[in-house]
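Throughout, my numbering is defined as the position within the sequence shown, counted from one, plus 843.
A short worksheet on the structure shown next.
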Amino acid sequence: MLETVSSLISPPLPAVWPRFAQPLRLGVMASGNGSNLEAIAASIQRGDLHGEIRVVVYNNPGAKVADRAARLGLPTVLLNHRQYASREALDEAIVNTLDTYGVDWVVMAGWMRCVTTRLIEAFPGRVLNIHPSLLPSFPGIRAVDQALAAGVKLAGCTVHQVELAVDSGPVVMQAAVPVKSDDTVNTLQARIQQQEHQLYPAAIALAAQQKFSQAQRF
Ligand code: GAR
């Protein structure tokens, strides 16, 4: 009998999570719901991801992520993009906020704005994003709708280092899930999100591990 693959994560989730000289100092950027924030916080709490969330930056007043952060006892800063003259001005404020809170790693978890070189260059190789597709397929908005419309049989999510073009940059980890014939955007999105919640903490640990081992080689 053929076995049905329910998901595949590559590289695999850590059997033993890495410990660093000090906990990774994370700044999470989010625009909406915040389920990935919650998954990262839970991983830290379990003792898996060796990190701490120093601040949650969000851009939409009333976003659910702010309530979640408050429940988790995390500091939040609202930087409403509507109040900035340009993307650069917003990113300037973001970088200042992340610096104020002593952030080393920037974790975009449902941050639905394009970023500029101001942010990327302030944290070289240390800005991560999660996107609900197997990049480089289906970047941009409504990735799950795009995947369904294209009729792909495997969908998934990607954690990558952030470069300037939307949803681009070196891939850190990916998870694939099957697309079922009766899937709707909601059912497929839910299947992908389940994977995101496992993937993101592990990908943060892996990106940090790679960065530190790279630094030691020089
Ligand atoms: C996640 O599915 C993430 O992949 C997506 O936003 C959702 C946020 O969920 N990000 C993008 O589409 C970025 N291009 P959450 O707020 O519940 O963590």
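Glycine is no exception: its CB is placed at the ideal position from the N, C-alpha and C atoms.
Only a predicted model underlies this, so the values are computations on that prediction, with no experimental measurement involved.
- Burial state of F981 is buried, judged by a 10 Å Cβ sphere holding 16 or more other Cβ atoms.
- In chain order, C957, T959 place their CB closer than 7 Å to the CB of R930, counting only its own chain and leaving out the 5 sequence neighbours on each side.
- Between L978 and A1050, the C-beta spacing is not below 8 Å.
- Taking a cut-off of 8 Å on C-beta distances, the region 920 to 938 does not touch the region 882 to 890, as fewer than three cross pairs fall below it.
- Spanning the alpha carbons of V1022 and A1046 requires a straight line of approximately 23 Å.
- Taking 3 residues as the shortest admissible run, the region 913 to 977 contains the following complete beta strand (DSSP E) segments, listed from N- to C-terminal end: 919 to 921, 948 to 951, 970 to 974.
- Rounded to the nearest angstrom, the gap between the Cα atoms of N902 and G953 is 11 Å.
- DSSP, read as helix, strand or coil, puts Q1038 in helix.
- Closest in alpha carbon position to H893, among A864, S874, G905, R914, is A864.
- Contact check for V908 and A873: beta-carbon distance about 4 Å, within the 8 Å limit, so the pair qualifies.
- Between the beta-carbon of P918 and that of Y944 there is about 7 Å, and that keeps the pair under the 8 Å contact cut.
- The beta carbons of R897 and E935 sit no closer together than 8 Å.
- Sorting D947, D1026, V1002, V900 by C-alpha distance to the C-alpha of L922 places V900 at the top.
- With a cutoff of 8 Å on beta-carbon distance, G875 and M951 are scored as not near each other.
- Each residue's CA atom was taken as its position, placing E1039 and A932 some 30 Å apart.
- C-alpha of R1060 to C-alpha of K1054: approximately 10 Å in a straight line.
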